[in-house]
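Asks:
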């Protein structure tokens, strides 16, 4: 599949879990501020594909390396539409995985500053369109704000696709029904 704006193939894992109140959460990382690419930004665990591995294997390997999530603890339930990045020329292939609640994260200290478990209903409630300027270019983009955390860019586009496929989106906060 051709992805506009991306020549370097990469993959991310979107780990999802339900908390004891049946709220669905996604796991993100906040990148370190001293990184040369995307410093301080919020993203899903992921990175470049290594030779000889599938994109799904890339997503699982990167989640293991970045946050200590063993591949055997993830049930991959699907893939979302790939998105391209324009600043770094990546084609990002997102995979959705279900994990158990209460996982103890082990951050890759050279890249990850923080692991975030954000409830999808909080993300939806914090959605807006924002005018931003990057490298001197102004644009309007979807952002999701939860507390001091802002998800935007390729990660927000991936999140838009996930929320659309789940049948939810901005202005439609939701909770899973209790069994």
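Residue numbers (UniProt numbering): 1 to 179.
A virtual CB, placed ideally from N, CA and C, is assigned to each residue, including glycine.
#1: Mapping DSSP to helix, strand and coil, what is residue 185?
#2: To the nearest angstrom, how far is it from the Cα of residue 103 to the Cα of residue 81?
#3: Out of curiosity, what's the CA-to-CA distance linking residue 91 and residue 156?
#4: Please give me, in chain order, every unbroken run of the alpha helix (DSSP H) with length at least 4 that falls completely inside the UniProt domain "Nudix hydrolase" (7-145).
#5: Identify which residue in 86, 114, 99 has its Cα closest to the Cα of residue 135.
#6: Straight-line CA distance for residue 10 to residue 45?
#7: Between the Cα of residue 54 and the Cα atoms of 12, 149, 41, which residue gives the shortest distance?
#8: Whether or not the region 55-71 and the region 144-154 are in contact is what I'm after, with contact meaning three or more pairs of Cβ atoms, one per stretch, closer than 8 Å; do they touch?
#9: What is the rounded straight-line gap between the Cα of residue 7 and the Cα of residue 84?
#10: Provide the residue(s) that pair with residue 168 in DSSP beta bridges, ordered along the chain.
#11: Between the Cα of residue 78 and those of 160, 14, 112, spot the shortest distance and give me the residue it belongs to.
#12: Which residues in the same chain as residue 158 place their Cβ atom closer than 8 Å to its Cβ, once the five residues preceding and following it in sequence are excluded?
#13: Have a look at residue 76 and residue 18 and give me their C-alpha separation to the nearest angstrom.
#14: Taking 8 Å as the threshold (C-beta atoms), are residue 120 and residue 163 in contact?
Replies: Let me lay it out:
#1: There is simply no residue 185 to check, as the chain begins at 1 and stops at 179 in what is shown.
#2: About 27 Å.
#3: Answer to the nearest angstrom: the Cα atoms are 15 Å apart.
#4: Every unbroken stretch of the alpha helix (DSSP H) spanning 4 or more residues and falling wholly within the UniProt domain "Nudix hydrolase" (7-145) is given here in chain order: 55-67, 120-125.
#5: When only C-alpha atoms are compared, the closest one is 86.
#6: Their backbone Cα atoms lie some 11 Å apart in a straight line.
#7: Of the candidates 12, 149, 41, the one whose C-alpha sits nearest the C-alpha of residue 54 is 12.
#8: Result no; under three Cβ-Cβ pairs closer than 8 Å.
#9: Cα to Cα, the separation comes out at about 8 Å.
#10: Bridge partners of residue 168 according to DSSP: none are assigned.
#11: If we check each option's Cα against that of residue 78, 14 comes out closest.
#12: The residues 12, 14, 44, 80, 83, 92, 94, in chain order, have a CB closer than 8 Å to that of residue 158 in the same chain once the five nearest residues on each side in sequence are set aside.
#13: Cα to Cα, residue 76 sits roughly 15 Å from residue 18.
#14: Yes, the Cβ-Cβ distance between residue 163 and residue 120 is below 8 Å.
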